Structure formats: structure tokens, C-alpha cells
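Below is one structure; the comments refer to it alone.
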Amino acid sequence: MPRLLRPYVNAFLLGFIATFIAFLFVRFNASDVMLGVVIGAVGGALALVGYGYLNRKFGTPEVLYDKDGNPVRR
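Using our numbering, read the sequence shown as starting at 398 and increasing by one per residue.
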């Protein structure tokens, strides 16, 4: 996906999710919706922690730059 479209796709997804949650509050019981939101937030947090761990363990090493902006070999 082109870099220029990422902010727009993210904004669309945020709006979609917020509107969908508002729809769920109108359609179903509020306590059930809150339980679903909490479960989803916990799942998202676990996925974020897992992604961070795997990225740290198997990700590419960071590139160091000197004061002129040139990459430095280790």
C-alpha cells in the first residue's frame, strides 16, 4: 500500500470502529458491548506485546548513523 494512503486508511478504520461500537450500544445491551470492548482490548494488548517481543527477537538490527547522517558499520 502506498505510504500516502496509510493515514487515510487508518482514519477510515478508526471511524469505522467507533461507528460500529456506537451501533452495538444502540442495538444490544451496553454491558455486553463493554465486555466485548474489554475482551477486544485485552486481545489487542496481547497481540501488541507478542509483536513487540517477536520484533525484538527476530527483527532486523537497528542502523546507527554518525553525526553526518552516514550509516556506521558495527
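For every residue, glycine included, the Cβ atom is placed at its ideal position computed from N, Cα and C.
Bear in mind that the values here come from a model prediction, so they are computed numbers and not experimental data.
Three-state class that DSSP yields for residue i in the structure shown
{"i": "VAL423", "result": "helix"}
{"i": "PRO404", "result": "helix"}
{"i": "VAL460", "result": "coil"}
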